[in-house]
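Read in order, the letters of the sequence shown correspond to residues 183 to 585 in our numbering.
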Amino acid sequence: MTGPKALPIAARAAGQPYAPAAELYELQADDRLHRVKVPSPLLGEFDAVAVTRYEDAKSVLNDERLRMGFSLDPDAPRTMLNQPGNLLNYNGIEHSRLRRMLSGGFTVKRVRGLRPMIEEVVASRLAALEEAGPGADLVQVFSTPIPTMVICELLGVPYADRAGFQRRAQVGLDVNTTREEQIRNLAEMDAYMATLIASHRESPGDNLLGGVVRDFGHELTDDELIGIGNMLLIAGHETTASMLSAGAALLLQNPEQLAVVRDEPDAAAGAIEELLRYCAPATTMPRQAAETFHVRGQEIREGEKVVVSVLVANRDHALSDGDLDTLNVRREPVSHVTFGYGAHQCLGQQLARMELRVALPALFNRFPTLALAVPPEEVDYRTTALVFGVRRLPVTWTREEAS
Ligand code: HEM
183 MTGPKALPIA
193 ARAAGQPYAP
203 AAELYELQAD
213 DRLHRVKVPS
223 PLLGEFDAVA
233 VTRYEDAKSV
243 LNDERLRMGF
253 SLDPDAPRTM
263 LNQPGNLLNY
273 NGIEHSRLRR
283 MLSGGFTVKR
293 VRGLRPMIEE
303 VVASRLAALE
313 EAGPGADLVQ
323 VFSTPIPTMV
333 ICELLGVPYA
343 DRAGFQRRAQ
353 VGLDVNTTRE
363 EQIRNLAEMD
373 AYMATLIASH
383 RESPGDNLLG
393 GVVRDFGHEL
403 TDDELIGIGN
413 MLLIAGHETT
423 ASMLSAGAAL
433 LLQNPEQLAV
443 VRDEPDAAAG
453 AIEELLRYCA
463 PATTMPRQAA
473 ETFHVRGQEI
483 REGEKVVVSV
493 LVANRDHALS
503 DGDLDTLNVR
513 REPVSHVTFG
523 YGAHQCLGQQ
533 LARMELRVAL
543 PALFNRFPTL
553 ALAVPPEEVD
563 YRTTALVFGV
573 RRLPVTWTRE
583 EAS
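And the structure:
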């Protein structure tokens with residue numbers, strides 16, 4: 183294995199926001215494992231072994247010797263990476279105990295039952311878009327509010343509280359805030375979530391969080407329930423919002439593929455899967471070795487950090503004979519690790535798929551003339567953060583056709 187390279191694990195090719203940097207492909211082609219620099223707003227920059235091949239990604243994410251690197255520390259300040267209830271902070275039996283309590287709310291069947299609510303949320307944002315335009319920022323009016331509103335429904339946040347809830351969510355997801363601001367904001371989120379938990383304890387609502395309180399409330403502390411609420415908000419919000427924005431931006435630049443999503447309901451699920459593979463919003467997954475072990479005969483030492491690059495693993499040519507660097511919404515679905523793999527694989531993936539399958543076709547049907555309002559190279563992508571996304575997506579349309 184070679185020494186650390188000054189290469190962010192989510193690096194993109196110059197001028198190509200969706201494409202991994204050539205250096206990431208070089209790492210993938212090299213049989214030796216390399217160490218790279220990983221930027222993190224909460225942890226600072228750290229060195230880690232880069233995992234860039236699809237099969238290696240599956241193997242390390244499924245290996246119990248690799249743990250979530252951040253354990254709970256009651257003496258350290260409470261942050262998203264240090265709060266009880268957040269599944270991403272647990273390993274082994276403690277993780278499966280907590281995950282079992284939540285998984286019932288995210289099955290394919292349960293998520294199918296959420297479809298009417300998601301359709302209502304999407305319809306309300308399409309109406310808001312129409313009112314705002316012609317001409318609006320899709321991120322602000324459409325992509326960001328949809329996942330927040332869906333999570334408000336899952337948690338049972340009353341309408342009157344939603345503005346404050348959304349504001350705190352925005353701060354919580356803003357990578358430009360300081361650690362101190364994050365800690366302060368999380369304290370506010372905790373205080374709000376505590377009132378919500380208290381009301382579910384008194385009378386469990388007919389929603390996901392109410393169900394958890396009803397069925398498992400006696401096994402969970404208030405602190406854990408607060409953490410569960412915050413985790414669902416954070417895990418399900420920015421990733422889904424990013425997919426809505428990045429997916430829309432990509433399709434607006436590929437009108438023939440956009441037409442498939444708009445006009446062919448039977449092809450929409452496959453198209454969304456290809457967009458998920460191609461955009462890979464959660465670009466990296468960090469772990470830490472609990473003991474020394476080997477990947478393809480190469481040593482990873484106890485205590486070393488390991489990071490999977492979803493971005494390039496999803497384009498590993500070992501996955502398909504096709505050209506995985508080109509978006510092709512009609513391709514036979516190709517496996518990907520956009521939702522991770524193994525014990526921590528995304529709990530909300532069926533919900534995310536449902537939100538995307540409802541929202542993107544509805545958007546292009548309601549606004550058939552939708553177009554980027556700026557040249558594609560001026561779209562403001564967020565390529566350096568751990569969650570890839572779009573900061574602003576100015577779009578326009580012809581009013582007569584929006585009906
Ligand atoms: C396109 C949207 C989404 C993407 C790309 C995504 C991606 C991921 C990934 C990669 C992980 C694994 C992280 C790791 O192993 O280090 C994860 C975990 C998780 N996701 Fe998602 N996610 C999305 C949407 C959602 C939604 C909508 C929810 C719920 C409201 C959600 C809830 C969770 C939870 C609770 C975990 C932690 C699971 C565990 O540790 O056992 N996600 N997600």
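The C-beta atom is built at its ideal place from N, Cα and C for all residues, glycine as well.
Phe324 sits in a helix when the DSSP states are folded into three classes. Taking C-beta separations shorter than 6 Å and ignoring five residues to either side along the sequence, the partners of Val511 in its chain run Gln439, Val442, Ala453 and Glu456, following chain order.
Along the length of the stretch 378-463, whole alpha helix (DSSP H) runs at least 4 residues long occupy 390-398, 404-434, 437-445 and 447-461, reported in chain order. If you check the C-beta of Pro327 against ligand 1, you find no heavy atom less than 7 Å away. Using a cutoff of 7 Å, the CB of Ile300 does not count as near ligand 1, since none of the ligand's heavy atoms is closer than that. In this structure, Cys528 has its beta carbon less than 7 Å from a heavy atom of ligand 1.
In this structure Gly571 is buried. Its beta-carbon is surrounded by 16 or more other beta-carbon atoms within 10 angstroms.
Runs of alpha helix (DSSP H) with 4 or more residues, each lying fully within the stretch 461-509, are found at 492-495, listed in chain order. DSSP links Arg574 through a beta bridge to Asp562.
Not one heavy atom of ligand 1 is found less than 7 Å from the C-beta of Gly287.
When Asp405, His419 and Asn271 are compared, the shortest CA-CA separation from Leu336 is found for His419. Residue range Gln531 to Arg548 is occupied by the alpha helix (DSSP H) that includes Gln531, with no beta strand (DSSP E) assigned at that position. According to DSSP, Arg249 shares a beta bridge with Gln470. The beta carbon of Ala555 sits closer than 8 Å to the beta carbons of Gly317, Pro576, Val577 and Thr578 from its chain, once the five residues preceding and following it are set aside; these are given in chain order. Set against 7 Å, the gap from the CB of Ala232 to the closest heavy atom of ligand 1 is not smaller.
Out of Val494, Glu208, Glu370 and Ala451, the CA that lies nearest to the CA of Pro515 is found in Ala451. With a cutoff of 7 Å, Thr422 counts as near ligand 1, since its C-beta is closer than that to a heavy atom of the ligand. Residue side-chain check: His277 places its Cβ nearer than 7 Å to a non-hydrogen atom of ligand 1.
Counting of Cβ neighbours within 10 angstroms places Gly346 among the exposed residues, the total staying below 16.
Annotation: Glu559 to Thr565 spans about 13 Å, alpha carbon to alpha carbon. Taking 8 Å as the cut-off, the beta carbon of Ile408 is found closer than this to the beta carbon of Ile379. In this structure, Leu296 and Val488 do not form a Cβ contact; the two beta carbons are roughly 35 Å apart against a cut-off of 8 Å. Looking at the DSSP output, Asn264 bridges to Thr261. CA-to-CA, the gap between His476 and Ile482 works out to about 6 Å.
Relative to ligand 1, the nearest heavy atom lies less than 7 Å away from the CB of Pro463. Checking the 7 Å criterion, the Cβ of Gln435 is out of range of every heavy atom belonging to ligand 1. Rounded to whole angstroms, the gap between the alpha carbons of Glu370 and His277 is 26 Å. Where Pro199 is concerned, the enclosing beta strand (DSSP E) starts and stops at Gln198 to Pro202. One Cα belongs to Leu209, the other to Asp498, and the distance between them is close to 11 Å.
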